[in-house]
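S.K.:
In mature numbering (1 follows the signal peptide of the UniProt record, and there is no 0), the protein residues as written are -24 to -1, 1 to 353.
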């Protein structure tokens, strides 16, 4: 009976510990929410499409790709004009034949270079978009981590107050109180680290978009993953092989090697000619190996993506359970059956699962984009 009475006194004491600052905490929370609403109203909304548009306009890679395309276009025009000075076959001398071959070789190479540069410009756009996706969603991830860290810090503070109350009644040792104080200090330090991470994430996106550091946007496009339709991965790989820039470059190497062999002037030694043939053989082998390695990397990515999709479904099931537990904890707290700490812990469990779902959705979105445009990552 004495033990039950002591426990009841402790429970009432702890309730008083929580209820005394609860109103103040509620007021602080209301003020914080009002401030957040005011901040959101002042912050400019930023969609993913707008972020990408600014990043594309600011991209040095895209500007360089555009300049390279312009240069390749001029080289193609120059080589095309040179074809107008070719000698007719009936008037050809040996020197003229060599000149004709050189002109055709230059034109063919220039045409390949122009087509490759044109493709590279499109590939550069895909890369910038992928960078924007990563930077944009990194901010949302960092914001979620700050929210979870804030709740963890709040729990640590409440647990420290419980430890102080228990220590004053001789229910725990000084060591227990010191440990709770350290846990609270660690939680507060983690919160500050998460805030720093958030600022870094914001600055990274600002740099991509050419916006001043410290600029804060209100992001509106949260990661929501929708499972795509099942695909025939082998057919998908075949389609990707036609557009992959690495494969394009390997194919260009084969074409250029064929051009060198076709227009070989036989003015060198027999060893020189054999080396030209060897270059073609090596280029073909590199192309075959490149295709095989690329196909295997896409298959691996597709398998990993399917496994991640299963985790995504499971996390949503876990979230439903956690939300039900939170609703129950809310009702118990309203009836005075549990202290506020238990309610906050239940809320933290929900927010942690939401954070995991958001982070996994981000990975799935990025992986799916990579699956369709592997050259972007």
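Cβ atoms here follow ideal geometry from the backbone N, Cα and C, with glycine treated the same way.
Between which residues of its own chain and residue 192 is the CB-CB distance below 7 Å, once the five residues before and five after are set aside?
M.R.: Contacts found: 19, 178.
S.K.: Quick one: measure Cβ to Cβ for residue 255 and residue 236, integer angstroms, because I've assumed they're closer than 8 Å.
M.R.: Contact flag correct, Cβ pair sits at about 7 Å.
S.K.: Using only CA atoms, which one of 136, 182, 49, 144 lies nearest to residue 30?
M.R.: Closest option to residue 30, Cα to Cα, is 182.
S.K.: For residue 282 and residue 106, what's the separation of their Cα atoms in angstroms?
M.R.: Approximately 21 Å between the Cα atoms of the pair.
S.K.: Quick check: what's the CA-CA separation for residue 272 versus residue 348?
M.R.: Those two C-alpha atoms are separated by around 14 Å.
S.K.: With the cut-off set at 8 Å, would you say residue 89 and residue 51 are in Cβ contact?
M.R.: Closer than 8 Å, so yes.
S.K.: At which residue ranges does the stretch 136 to 192 contain complete alpha helix (DSSP H) runs of 4 or more residues, listed in the order of the chain?
M.R.: Here the runs fully enclosed are 150 to 185.
S.K.: Who are the Cβ neighbours of residue 102 in its own chain at under 7 Å, not counting the five residues just before and after it?
M.R.: Cβ within range, chain order: 349, 351, 352.
S.K.: Would residue 185 be called buried (16 or more neighbouring beta carbons within 10 Å of its own) or exposed?
M.R.: Looking at its Cβ environment, which holds 16 or more other Cβ atoms inside 10 Å, residue 185 is buried.
S.K.: Would you kindly check if the distance between the Cβ of residue 129 and the Cβ of residue 174 is under 8 Å?
M.R.: No; because the gap between Cβ atoms is not below 8 Å, this pair is not in contact.
S.K.: Using C-beta distances below 7 Å, list every residue in its chain close to residue 323, excluding the 5 sequence neighbours before and after it, in chain order.
M.R.: Correct list, in chain order: 127, 302.
S.K.: Within 10 angstroms of its Cβ, does residue 160 collect 16 or more other Cβ (buried), or is it exposed?
M.R.: Flag for residue 160 reads buried.
S.K.: Would you report the Cα separation of residue 87 and residue 227, rounded to the nearest angstrom?
M.R.: Straight-line Cα distance between these residues: approximately 14 Å.
S.K.: Residue 68 to residue 78, Cα distance in whole Å?
M.R.: Interpretation of residue 68 is limited by its pLDDT of 45, a score under 50 that renders its predicted location unreliable; the figure taken from the coordinates is listed afterwards. Looking at the two C-alpha atoms, the distance is approximately 14 Å.
S.K.: Is residue 123 closer than 8 Å to residue 327 when the C-beta atoms are compared?
M.R.: Cβ distance < 8 Å, so residue 327 and residue 123 count as in contact.
S.K.: How would you write the range of the alpha helix (DSSP H) that residue 203 sits in, first residue to last?
M.R.: Careful: residue 203 lies outside any alpha helix (DSSP H) and carries neither H nor E.
S.K.: Within 10 angstroms of the Cβ of residue -17, are there 16 or more other Cβ atoms? Answer buried if so, exposed if not.
M.R.: Confidence is the limiting factor: at residue -17 the pLDDT is only 40, short of 50, which leaves the residue's position unreliable, though a coordinate-based value still follows. Label assigned to residue -17: exposed.
S.K.: DSSP puts residue 38 in a beta bridge; with which residues?
M.R.: Answer is none; residue 38 lacks a bridge partner.
S.K.: Rounded to a whole number of angstroms, what is the C-alpha to C-alpha distance between residue 346 and residue 331?
M.R.: Cα to Cα, the separation comes out at about 23 Å.
S.K.: Determine, using beta carbons only, whether residue 58 and residue 82 come nearer to each other than 8 Å.
M.R.: Contact: yes.
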